[in-house]
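Residues in the sequence shown are numbered from 1 upward in steps of one, following the working numbering. From the three backbone atoms N, C-alpha and C, an ideal C-beta is built for every residue, glycine too. Read the structure below first, then the notes.
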Amino acid sequence: MIDRLLARLQQIPDVDARGDEPLAPHTTYKVGGPARRFVVAHTLEALQATLTALRSVDEPTLLLGNGSNVLIADAGFPGTVLTLGRELSHCTLTRDALGAGVHQLEAGGGCSITRLLRLAKQESVAGVEFLGGVPATIGGAVRMNAGTREGEVKDALVTAQVVRPDVAPAWLDPTELGLAYRHSSLPAGAVVTAARFRVTDASLEMRERLDSVLAYRKATQPLHLPSCGSVFANPAGDSAGRLIDAAGLKGRKLGGAQVSEQHANWIVNVAGASASDVRSLIALCQAEVARQFGVTLRPEVQVIGDWGDWSDSEVTP
1 MIDRLLARLQ QIPDVDARGD EPLAPHTTYK VGGPARRFVV AHTLEALQAT LTALRSVDEP
61 TLLLGNGSNV LIADAGFPGT VLTLGRELSH CTLTRDALGA GVHQLEAGGG CSITRLLRLA
121 KQESVAGVEF LGGVPATIGG AVRMNAGTRE GEVKDALVTA QVVRPDVAPA WLDPTELGLA
181 YRHSSLPAGA VVTAARFRVT DASLEMRERL DSVLAYRKAT QPLHLPSCGS VFANPAGDSA
241 GRLIDAAGLK GRKLGGAQVS EQHANWIVNV AGASASDVRS LIALCQAEVA RQFGVTLRPE
301 VQVIGDWGDW SDSEVTP
């Protein structure tokens, strides 16, 4: 059957669109089935035209950045996956843009945090080093107010450009974005296409601190294995990793997925895991922590796609 929407998307300038695209290579978990359509928008105009076209059908759309905060079902995604391309993945520094000695670091929504930090290090500026080790793109990081123990996006963000269907692009500050702990108030159809961060000249001490933070994360987190990073948000006054470890689940395996022996708040793909393996292990951690400590763990990872009649209640310790 002819996919009329795919044909329409393929006619938009600066858009790459294809059907039945495997999603596992596009996620950091390396799991998940195909998307009905996979679209890369390379310019702001292409993105706006794509969003308008997608509004014409009653199907789900998934905006995918680095694929680091999603768990795609083995059956795949029954709609369109949209990602940002060339001109929406830039990364530049403008010195003294915000005052003497206060610089502006701008990155497109499709730019990776790794690339942003690389430029900051090359230019000897500080203010975003707290993002070291976060496996995300700038758009995803802003949307979820990503962060670590050292800080979060709203601490350094000046403004972010947001695009919505049939609405002119707008620059919004952290308050307008509704940034809170691992959360924003952006509606589902909104796309963060760029962000501007406040940075200053980095002292030798600051540069050494970034190196030490990255070294610490490398030593304490299983960065060499497919994962989504931290699976659960930390409950107030406690650590999700500590609770999972205390529940006796560190190193626990289900299929090809494992609660990391290095960091209990990471679930890693150790042996060709399926998405169902990962989701079952997430549910097991939630169930055991709730049973033993009365604490509800809230996942940071988004569970996406066609899961059929899969239910967390089917998982037992």
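Alpha carbon of residue i to alpha carbon of residue j, nearest angstrom
{"i": "Glu123", "j": "His263", "result": "32 Å"}
{"i": "Thr28", "j": "Gly67", "result": "6 Å"}
{"i": "His224", "j": "Leu88", "result": "28 Å"}
{"i": "Thr175", "j": "Ala195", "result": "14 Å"}
{"i": "Ile244", "j": "Phe232", "result": "10 Å"}
{"i": "Gly127", "j": "Ala97", "result": "15 Å"}
{"i": "Asp20", "j": "Arg37", "result": "6 Å"}
{"i": "Ser212", "j": "Gly229", "result": "19 Å"}
{"i": "Val57", "j": "Val295", "result": "41 Å"}
{"i": "Thr94", "j": "Gly139", "result": "20 Å"}
{"i": "Thr92", "j": "Gly65", "result": "19 Å"}
{"i": "Trp310", "j": "Ala290", "result": "20 Å"}
{"i": "Ser112", "j": "Thr137", "result": "4 Å"}
{"i": "Ala273", "j": "Glu288", "result": "21 Å"}
{"i": "Gln11", "j": "Leu249", "result": "51 Å"}
{"i": "Gly108", "j": "Gln292", "result": "44 Å"}
{"i": "Ser313", "j": "Ala24", "result": "With a pLDDT of only 43 at Ser313, under 50, the local geometry of the prediction cannot be trusted, and the value read off the model is given with reservation. Roughly 26 Å between the two C-alpha positions."}
{"i": "Gly151", "j": "Ala257", "result": "30 Å"}
{"i": "Ile2", "j": "Gly308", "result": "25 Å"}
{"i": "Leu177", "j": "Ala170", "result": "11 Å"}
{"i": "Arg182", "j": "Ala141", "result": "9 Å"}
{"i": "Asp16", "j": "Ala247", "result": "47 Å"}
{"i": "Ser185", "j": "Asn145", "result": "10 Å"}
Given residue i as reference, the closest of the options once Cα atoms are compared
{"i": "Leu172", "options": "Leu88, Thr159, Pro22, Ala53", "result": "Thr159"}
{"i": "Arg209", "options": "Phe77, Lys121, Val303, Lys250", "result": "Lys121"}
{"i": "Ser132", "options": "Gly139, Gly147, Arg143", "result": "Note that residue 132 is Gly in the sequence shown here, rather than Ser. Per the Cα distances, Gly147."}
{"i": "Lys30", "options": "Gln11, Val278, His103", "result": "Val278"}
{"i": "Ala49", "options": "Leu64, Ala73, Asp14, Gly32", "result": "Asp14"}
{"i": "Arg8", "options": "Glu288, Ala35, Leu54", "result": "Leu54"}
{"i": "Arg164", "options": "Asp155, Arg182, Ser184, Val191", "result": "Val191"}
{"i": "His26", "options": "Ala170, Thr52, Leu51, Leu71", "result": "Leu71"}
{"i": "Ala240", "options": "Leu254, Glu45, Trp266", "result": "Trp266"}
{"i": "Asp306", "options": "Pro60, Glu300, Ala202", "result": "Pro60"}
Pair within 9 Å by beta-carbon distance, residue i and residue j
{"i": "Pro226", "j": "Arg298", "result": "no"}
{"i": "Lys101", "j": "Ala75", "result": "The sequence given here places Gly at residue 101; Lys does not occur at that position. The answer is no: Cβ separation not under 9 Å."}
{"i": "Thr80", "j": "Leu5", "result": "yes"}
{"i": "Leu116", "j": "Val153", "result": "no"}
{"i": "Gln302", "j": "Asn69", "result": "yes"}
{"i": "Gly85", "j": "Thr43", "result": "yes"}
{"i": "Glu129", "j": "Met206", "result": "yes"}
Exposure of residue i, with buried meaning 16 or more beta-carbon neighbours within 10 Å
{"i": "Leu281", "result": "buried"}
{"i": "Val39", "result": "buried"}
{"i": "Ala168", "result": "exposed"}
{"i": "Thr316", "result": "Confidence in Thr316 is poor, its pLDDT being 39 and thus under 50, which makes the residue's placement unreliable; the coordinate value appears in the next sentence. When all chains shown are included, Thr316 counts as exposed."}
{"i": "Arg143", "result": "buried"}
{"i": "His103", "result": "buried"}
{"i": "Arg198", "result": "buried"}
{"i": "Ala215", "result": "exposed"}
{"i": "Arg18", "result": "exposed"}
{"i": "Ile304", "result": "buried"}
{"i": "Thr52", "result": "exposed"}
{"i": "Gly110", "result": "buried"}
{"i": "Leu62", "result": "buried"}
{"i": "Ala188", "result": "exposed"}
Beta-bridge pairing of residue i - partner residues as DSSP gives them
{"i": "Gly151", "result": "Thr148"}
{"i": "Glu106", "result": "Thr92, Arg196"}
{"i": "Arg164", "result": "Val167"}
{"i": "Gly19", "result": "Arg37"}
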